[in-house]
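K.L.:
Using my numbering, you'd call the opening residue of the sequence shown number 732 and step up by one each time.
Take a look at this one; I'll ask things after.
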Amino acid sequence: MNRSPSPRSDAHIARVFRWSLLVVAALAALLALGLYLYRDQGAPKAVEEAVIEAPEAARRVTAAAMEPPAIPYHDITREAGIDFTHVNGASGEKLLPETMGSGVAFIDYDQDGDPDLFFINSNWWPGNADGRAAHSALYRNDGHGHFQDVSHEAGVDLSLYGIGVAVGDYDNDGWPDLYLTALGENHLLRNEHGHFRDVTRETGVAGLKSDWSSSATFFDMDNDGDLDLFVGNYVTWSRKIDLEIDFRLAGLGRAYGAPNHHTGAISRLYRNDGGRFSDITQASGIAVIDEKSGRPVGKTLGVVPFDVDGDGLTDLIVANDTVRNFLFHNLGNGRFEETGTMDGIAYASTGKATGGMGIDAANYLNDPDIGVAIGNFANEMTSFYATLDGQRPFVDEAAVSGLGAPTRLALTFAVLFLDADLDGWLDLFQANGHLESEIARVQPSQSYAQPPQLFWQCAADACARRFLLVNESGDLATARLVGRGAAYADIDGDGDLDLAISQNGRAGKLYRNDQSLGHHWLRLRLRDPAHRAVEGARTRLRANGVTQYRQLTRTHGYLSQSEAVLTFGLGESEQVDELYVTWPGGAEKRVPVEGVDRTLVVTRTPR
């Protein structure tokens, strides 16, 4: 399917507006003239109007092009062997951490070529545990989408108040490691050929006992071949502070308080010095302090690494809750400049900060334009920031993208760009769910469990650049989830992307993509013979006159990690015309592609 992006420049809009005014003026003049000429002619004669219709075939094509296809996702949680249940420790005190849920990650921990599944768990509060302990869980994939719990034998059945998870090979040994964020100190688990060992102390990435960390990401900030680590921190919190605030809702009594009742927190940046890390937060420019109050500005829940300006250095886009969003522009040499306000990503189109949760970014139009989606609180539409011709500043196009009205009521945590139907155009998935279990008592338009949403990007000229809600999405259409984290991977080797979703205080979910549209695909696995980092690699693929752009990162959405494989939908195209990979550092490689509907392994040429 081919489509040229519609022009969106101010000049174009001005031209359209002026022509509209001229047309309206001309019609008004003709109407006035007609009334003048026929004012004394008596009753007008009836005129039979001629109806000119488009040919039937053209009407069918237009209607079909604007109708989302059936993209059924089926709930296979039980049959796949997943029995994880999240514990948030809620016992009536209404403590804010109980609302945030936890993340989920696809990780090929045993390096057998298929994605395994990890759920991080929170815990019971001290004094309420009664001997109980909640554990995180790792499930090994047999290659066909069936899973076995290997948590204990793999050494990941930790008991902590876990929040988020990041995946990356920090020591360049070829085995992906796990970083777990928490309320309190964080944990780095080194993958030693399928068994994980806690190396937090020796690597220096625990953070503080007073920290409340959220989303984290491994990324190579300086293109030196090893992965550095950004750790988002949410707010300054303690049980004592929370109870003293004593937030209440009329009709409910004590309720979960908003983050604007809490002081912000400084996120952390760790530079990888060959397997050990140095905290360079202050020197790097990551610490954002309010000049008037002297307090931290950020209340970070989501982060996505993305090279926004195409200079080969990975930037960081950060979603903050109730305060402005950040864009940390990578200046090189371990230095960043926060440019969110100048680059138009800090606030919504109303000029106000939103309740930013999860975040994702992509070249969603198959051109240099970048789209950044941010999930927001209830009664705030999903933010959708977009560039023009690949140039900043961003503009919040939520209202005109098709996302505005359908997302306004939802309380959205995870947002993910993925090509769900393999037509070559990126779609958008949202995991939704409220904080208050009894919210419907005081806000009838709201519910605790909410439907997830899959939006299809319509590539036809008649609806270009708009996302349409997919109604025929199988079990997703009828699901009611207290959604938090979400991640995608091809769990069964059929080329399309399946979904794992974590719930707050409820069972984790696994949905298999059973679309049957006959679209072709190509999956790309990037490798380095010396196990150097390939995160941040940029790719472009051309097929059937359309060029798709991807940047490699595992970090998408909210507290979660997706697979480290790039999936390109090809629609009806049975061949790839060209494929280029630009490695971190700038070296470019043209990759021959012989055939489609396969996974292609591309190896970087040794230095």
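Glycine included, C-beta positions come from ideal geometry on N, C-alpha and C.
Pull up the CB-CB distance for Tyr1219 and Leu1149, whole angstroms please, since I reckon it's below 8 Å.
P.N.:
Correct: roughly 5 Å between the Cβ atoms.
K.L.:
What is the C-beta distance between Ile1222 and Gly876, in whole angstroms, given that I count them as a contact (C-beta under 8 Å)?
P.N.:
So it is a contact: roughly 4 Å between Cβ atoms.
K.L.:
If you draw a straight line from the C-alpha of Thr830 to the C-alpha of Arg1273, how long is it?
P.N.:
The alpha-carbon atoms of Thr830 and Arg1273 are separated by roughly 43 Å.
K.L.:
For a test of the three-state rule: what should DSSP assign to Glu1325, helix, strand or coil?
P.N.:
Coil at Glu1325, not helix or strand.
K.L.:
Run through DSSP, which three-state label would Thr1336 get?
P.N.:
Looking at Thr1336 - three-state DSSP - the assignment turns out to be coil, as it is neither helix nor strand.
K.L.:
Is it right to say Ala981 is buried, meaning 16 or more other beta carbons lie within 10 angstroms of its own, or is it exposed?
P.N.:
Under this definition Ala981 is an exposed residue.
K.L.:
Tell me whether Glu1203 sits in a helix, a strand or coil according to DSSP, three-state version.
P.N.:
Here Glu1203 sits in coil by DSSP.
K.L.:
Indicate the three-state DSSP secondary structure (helix, strand or coil) for Glu916 in the structure shown.
P.N.:
Correct three-state label for Glu916: coil.
K.L.:
Nearest CA to the CA of Ala1318: which residue from Gly1267, Gly820, Arg970?
P.N.:
Ala1318 has its Cα closest to that of Gly1267, out of Gly1267, Gly820, Arg970.
K.L.:
CB-CB under 6 Å to Ser822, same chain, minus the five flanking residues each way: which ones, in chain order?
P.N.:
Closer than 6 Å at the Cβ level, and outside the excluded window around Ser822, lie Asn859.
K.L.:
Any idea which residues DSSP pairs Gly677 with across the strands?
P.N.:
Outside the shown range of the chain (732 to 1338) lies residue 677, about which nothing can therefore be said.
K.L.:
Quick check on DSSP: helix, strand or coil for Glu1309?
P.N.:
Glu1309: strand per DSSP, three-state reduction.
K.L.:
Does the distance from the CB of Asn854 to the CB of Leu826 come in under 8 Å?
P.N.:
Going by C-beta atoms, Asn854 is not nearer than 8 Å to Leu826.
K.L.:
Indicate the three-state DSSP secondary structure (helix, strand or coil) for Ala1171 in the structure shown.
P.N.:
Helix, per DSSP.
K.L.:
Can you give me the C-alpha to C-alpha distance between Leu1255 and Asp951, rounded to a whole angstrom?
P.N.:
In a straight line, the C-alpha of Leu1255 is about 20 Å away from that of Asp951.
K.L.:
Ignore the nearest five residues each way along the sequence and tell me which others in Leu764's own chain have a CB closer than 8 Å to its CB.
P.N.:
Any reading at Leu764 needs caution, since the residue's pLDDT is 38, under 50, leaving its predicted position unreliable; the model's value is listed next. Excluding sequence neighbours, Leu764 sits near nothing in its chain.
K.L.:
DSSP three-state label for Arg1271, please.
P.N.:
Strand.
K.L.:
Would you say Ala1210 and Pro1182 are within 8 Å of each other, going by their C-beta atoms?
P.N.:
In this structure, Pro1182 lies closer than 8 Å to Ala1210 by Cβ.
K.L.:
Give me the DSSP bridge partner(s) of Pro1036.
P.N.:
For Pro1036, which the question treats as bridged, DSSP gives the partners Leu1047.
K.L.:
Less than 8 Å between the C-beta atoms of Val1265 and Leu1253, yes or no?
P.N.:
Contact flag unset, no.
K.L.:
Return yes when the Cβ of Val930 is within less than 8 Å of the Cβ of Leu960, no when it is not.
P.N.:
No, these two residues do not count as a Cβ contact at 8 Å.
K.L.:
Please name the residue, chosen from Thr1053, Ala865, Gly1075, that lies closest to Arg1123 on a Cα-to-Cα basis.
P.N.:
Considering only alpha carbons, the answer is Gly1075.
K.L.:
For the segment 1194-1254, list the alpha helix (DSSP H) runs that are entirely contained and at least 4 residues long, ordered along the chain.
P.N.:
List check, alpha helix (DSSP H) in window: 1206-1209.
K.L.:
Spell out the partners DSSP gives Leu980 in its beta bridges.
P.N.:
DSSP, once it has assigned bridges, lists Gly984 as partnering Leu980.
K.L.:
If distances are taken between C-alpha atoms only, which option among Asn903, Thr934, Gly1133, Gly1214 comes closest to Phe1115?
P.N.:
Closest by alpha carbon: Gly1133.
K.L.:
Compare the C-alpha of Phe1198 against each of Arg1172, Ala986, Leu1157 and name the closest.
P.N.:
When only C-alpha atoms are compared, the closest one is Leu1157.
K.L.:
Per the contact definition of three or more C-beta pairs closer than 8 Å, is the segment 1233-1242 in contact with the segment 800-819?
P.N.:
Because the criterion of three Cβ pairs below 8 Å is met, the segment 800-819 and the segment 1233-1242 touch.
K.L.:
Relative to the alpha-carbon of Ala836, which residue among Ala1084, Phe849, Gln842, Asp845 has its alpha-carbon at the smallest distance?
P.N.:
Residue Phe849 is the option with its Cα nearest to Ala836.
K.L.:
Give the secondary structure of Gln1181 by DSSP, where H, G and I count as helix, E and B as strand, and everything else as coil.
P.N.:
It is a strand residue.
K.L.:
List the residues that DSSP assigns as beta-bridge partners of Phe961.
P.N.:
Partner(s): Thr948, Leu1000.
K.L.:
What do you reckon, are the CB atoms on Gly893 and Leu909 nearer than 8 Å?
P.N.:
Their beta carbons are not under 8 Å apart, which means Gly893 does not touch Leu909 by this criterion.
K.L.:
Run through DSSP, which three-state label would Ala1129 get?
P.N.:
Of the three classes helix, strand and coil, the one that applies to Ala1129 here is helix, per DSSP.
K.L.:
Give the range of the alpha helix (DSSP H) segment to which Arg1055 is assigned.
P.N.:
No alpha helix (DSSP H) holds Arg1055; DSSP gives it neither H nor E.
K.L.:
Please name the residue, chosen from Gly874, Leu889, Asp873, Leu869, that lies closest to Val881 on a Cα-to-Cα basis.
P.N.:
The shortest Cα separation from Val881 among Gly874, Leu889, Asp873, Leu869 belongs to Leu869.
K.L.:
Please classify Arg928: does DSSP put it in a helix, a strand, or coil?
P.N.:
Here Arg928 sits in strand by DSSP.
K.L.:
Give me the residue from Gly1300, Pro1036, Phe1186, His883 with the minimum Cα distance to Arg1271.
P.N.:
Of the listed residues, the one whose Cα sits closest to Arg1271 is Gly1300.
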